[in-house]
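Asker: These protein sequence lines map, in sequence, to chains R and D. Going by our numbering, 33 is the number at position 26 of the first sequence; the sequence numbering is gapless. Going by our numbering, 188 is the number at position 181 of the second sequence; the sequence numbering is gapless. Ideal placement from N, C-alpha and C gives every residue a C-beta, glycine not left out. None of these values were measured; they are calculated from a predicted model. To start, I am sharing the structure in question, which I have written as structure tokens.
Protein chains: 2
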Amino acid sequence: MPANLTRVALIQMSCSPDTQANLDKAVARVREAALAGAKLICLPELFRAQYFCQREDHALFATAEPIPGRSTAALSEVVREHSLVVIASLFERRAPGLYHNTAAILDHASTNPDNILGVYRKMHIPDDPLYYEKFYFTPGDIGFQAQKTSAGPIGTLVCWDQWYPEGARITALKGAETLFFPTAIGWHPSEKVEFGERQYDAWQTIQRAHAIANGVFVCAVNRVGHEHGDVTHNGVNMPGPGSHTPQDGLEFWGGSFIADPFGRILAKASHDKEEILYADLDSAEVETTRQHWPFLRDRRIDAYGGITSRFLD
Amino acid sequence: MPANLTRVALIQMSCSPDTQANLDKAVARVREAALAGAKLICLPELFRAQYFCQREDHALFATAEPIPGRSTAALSEVVREHSLVVIASLFERRAPGLYHNTAAILDHASTNPDNILGVYRKMHIPDDPLYYEKFYFTPGDIGFQAQKTSAGPIGTLVCWDQWYPEGARITALKGAETLFFPTAIGWHPSEKVEFGERQYDAWQTIQRAHAIANGVFVCAVNRVGHEHGDVTHNGVNMPGPGSHTPQDGLEFWGGSFIADPFGRILAKASHDKEEILYADLDSAEVETTRQHWPFLRDRRIDAYGGITSRFLD
């Protein structure tokens, strides 16, 4: 591959009730992507488990893990083996009673434990029917992050963050030229027919807009498949009170995509199948696009103070 | 029409070299829209002249006008006659040697001269081949603005502003529930075949994203037609040095559109014809959309300070 190109891979996968099986699958898919030439590989949000935030269950805190921990140890092996950068979204146990939705950025060039170059702790935490994340995740306290990886300058934001132009902007201002959004978003089965298409469209549109506004590549990677929120921990199924949610779970809509710095879709995955999505990103396109659409030049930083207000009434 | 609905109209028009003819046309189209039931009507950017920023010519400062002035006087007649709110984008002469690209918001319920409820002075000023606005327009110094009009709470931003999520966000935080973007954007004829579609698509995408991020209606109104930048002032044609630009002018791409608070297109105009674009906006949709997609609830205003930096290196 020409030196100016970096092959990225997004692992669109389904998650089973067995967390070890999910980790094994993730490692295998990362290896497969590496063998296909990818150097920068992103897993979906919280890929180790089914999306447990469909219910509020104290027992599920037991599935959180430290960073570094078992997941990063397993991934660091393939990271070193193939000289990779891998983004892994994990349920982080930071201290007793303090948990985050955290992305670990592993880089073979990093000498830290488990090759962890940096972490990002999800800043915007949702709370909606079947997405009860405020119960589990303390909002991030280290702000928006960019990393200079061996595969180029990147930034990671997680799922709900994707609806906030502020997060994308600050991450880009910190030097990220490719933004990753590990995601777990899906349809309520009862809503899909009426609202499904517009929901996916809005989700894609606002992330394409982050690419346009900032002149960066955007890579969104979602899980796929219908889940009732079952989770296995140490081999014991932990269905929580009521094994199935009354709304019949969530159908994760896949549709992972990669957009160029003007928001054009370079690659898009299906809505119902596991797949690895690839694109070869040309780092020169960031600067060329920004020269032709010089939005960063003309920002009115003297007039943006209101952004830090809740409302300006 | 039910009380919860407001009919908006966007006047997609072409502009001739004759500034008086353009004003007459604008007044006639506003009247036509009013007779069709519209209460909230927006004209395109700098509709009084052909897009003179295609060249840098000191003589063209003579076409600027005070606000209140001749244009607002003419429009205020139809505003009072039909109980309207009208947004008029004008080349404002604020003081000798100080000019702005300014939107005047006229409201029949306002008792100010010419029914001027408020003004917005374009904050982000472009400078690109054939868009030499930095030569003419001093950047706005009154920040982003929202107005409580008799037809609902609105905000106006102008053209290049549309590429900046910050402007839309602050305007929404000030209470605007419908954003207007009077615009003059077009294709370089030599680029249209290769880049035209993606340029229009990026333009529409980022504005739809403003609707989504903020849960507001977005109305973008563009001019249409091929122009070489000729301007007539007081009956004297002022073609400037070289009557035609070497690049053969600009083909304004029309394509005005109205999006709902989740970014869905409610109405879209053609790319090559004058027309009046209508939609009936339901003010209740703003709150309903924000309840289902509660982005404003979860903003991390403690972590957005970096937005006021040029770069975070």
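Counting only Cβ pairs nearer than 7 Å, list the residues of chain R close to Ser316 (chain D).
Answerer: By Cβ distance, chain R contributes Leu180 and Ile308.
Asker: Taking Cβ-Cβ distances shorter than 8 Å, what residues in chain D pair up with Leu288 (chain R)?
Answerer: Per Cβ cutoff of 8 Å: no residues; Leu288 (chain R) is ~17 Å from chain D at best.
Asker: Let me see if you follow: with CB-CB separation under 8 Å, is Glu258 (chain R) close to chain D or not?
Answerer: No, no contact with chain D.
Asker: Return the CA-CA distance between Ala45 (chain R) and Ile161 (chain R), expressed in angstroms with no decimal places.
Answerer: Cα to Cα, Ala45 (chain R) sits roughly 15 Å from Ile161 (chain R).
Asker: What separation, rounded to the nearest whole angstrom, lies between the Cα atoms of Gly249 (chain D) and Ala66 (chain D)?
Answerer: Here Gly249 (chain D) scores only 48 on pLDDT, less than 50, and its place in the model should not be relied on; the value that follows carries that caveat. When rounded, the distance between both Cα atoms is 13 Å.
Asker: Three Cβ pairs or more, each shorter than 8 Å: is that satisfied between the stretch 179-199 of chain D and the stretch 24-43 of chain D?
Answerer: Too few Cβ pairs lie closer than 8 Å, so no.
Asker: Quick check: the stretch 210-218 of chain D against the stretch 309-317 of chain R, are at least 3 beta-carbon pairs closer than 8 Å?
Answerer: As far as the Cβ criterion goes, the stretch 309-317 of chain R does not touch the stretch 210-218 of chain D, which means the pair count is below three.
Asker: Is it buried or exposed for Ser90 (chain R), if we count other Cβ within 10 angstroms and need 16 for buried?
Answerer: Result: exposed.
Asker: Do you know offhand how far Ala158 (chain R)'s Cα is from Leu186 (chain D)'s?
Answerer: Taking the straight line from one Cα to the other gives about 40 Å.
Asker: Spell out a yes or no on whether the stretch 54-65 of chain R and the stretch 92-104 of chain R are touching, meaning 3 or more CB-CB pairs, one atom from each, closer than 8 Å.
Answerer: Yes: at least three Cβ pairs fall under 8 Å.
Asker: So who's on the other strand from Phe144 (chain D), going by DSSP bridges?
Answerer: DSSP, once it has assigned bridges, lists no residue as partnering Phe144 (chain D).
Asker: At the 8 Å Cβ level, is Asp64 (chain D) part of the contact set with chain R, yes or no?
Answerer: For Asp64 (chain D), the answer is no, since every Cβ of chain R falls outside 8 Å of its Cβ.
Asker: Going by beta carbon distance, what residues of the same chain come within less than 6 Å of His251 (chain D), once the five residues before and after it are set aside?
Answerer: Its pLDDT being 49, under 50, His251 (chain D) is placed unreliably in this model, and the value from its coordinates should be taken loosely. Only His235 meet the Cβ criterion.
Asker: Which chain R residues are close to Ala110 (chain D), counting only those with a beta carbon under 9 Å from its beta carbon?
Answerer: What Ala110 (chain D) touches in chain R: nothing, since even the nearest Cβ is about 16 Å away.
Asker: Is there a Cβ from chain R that is less than 8 Å from the Cβ of Glu292 (chain D)?
Answerer: No, no contact with chain R.
Asker: Compute the distance between the beta-carbons of Val34 (chain R) and Leu105 (chain R), then report whether it is under 8 Å.
Answerer: Contact flag unset, no.
Asker: Any beta-carbon of chain R closer than 8 Å to the one on Trp337 (chain D)?
Answerer: No answer is possible for residue 337 (chain D): it lies beyond the span of chain D, which begins at 8 and ends at 320.
Asker: Could you tell me whether the Cβ atoms of Trp210 (chain D) and Phe302 (chain R) are closer together than 8 Å?
Answerer: No, Cβ-Cβ distance for Trp210 (chain D) and Phe302 (chain R) is not below 8 Å.
Asker: Quick one, which residues of the stretch 262-275 of chain D are near chain R if we go by CB-CB under 9 Å, in chain order?
Answerer: Listed by position along the chain: Phe269, Gly270 and Arg271.
Asker: Quick one: Cα of Ser197 (chain D) to Cα of Asp279 (chain R), how far?
Answerer: Cα to Cα, Ser197 (chain D) sits roughly 41 Å from Asp279 (chain R).
Asker: At 4 residues or longer, and completely inside the stretch 184-242 of chain D: list those alpha helix (DSSP H) runs for me, N to C.
Answerer: Those alpha helix (DSSP H) runs which fall completely within the stretch 184-242 of chain D and span 4+ residues are 199-221.
Asker: Where does the unbroken beta strand (DSSP E) through Gly174 (chain R) begin, and where does it stop?
Answerer: Element bounds for Gly174 (chain R): not the beta strand (DSSP E) but the alpha helix (DSSP H), Pro172 to Leu180.
Asker: Residues of the stretch 199-217 of chain R in Cβ contact with chain D at a cutoff of 7 Å, in chain order, please.
Answerer: From the stretch 199-217 of chain R, only Arg205, Ala209, Thr212, Ile213, Arg215 and Ala216 have a Cβ closer than 7 Å to chain D.
Asker: Are the CB atoms of Glu281 (chain D) and Trp194 (chain D) within a distance shorter than 8 Å?
Answerer: Against a cut-off of 8 Å, the Cβ pair of Glu281 (chain D) and Trp194 (chain D) comes out as no contact.
Asker: What residue range does the alpha helix (DSSP H) around Arg31 (chain D) cover?
Answerer: Here the sequence assigns Asp to residue 31 (chain D), which means Arg is not the residue at that position. Per DSSP, Asp31 (chain D) belongs to the alpha helix (DSSP H) from Thr26 to Leu42.
Asker: Quick one: grab the DSSP three-state call for Arg307 (chain D).
Answerer: Of the three classes helix, strand and coil, the one that applies to Arg307 (chain D) here is coil, per DSSP.
Asker: In chain R, what lies closer than 9 Å to Trp167 (chain D) by C-beta?
Answerer: Per Cβ cutoff of 9 Å: Phe302 and Asp305.
Asker: Do Lys129 (chain R) and Phe144 (chain R) count as a contact pair if the criterion is CB distance below 8 Å?
Answerer: Yes.
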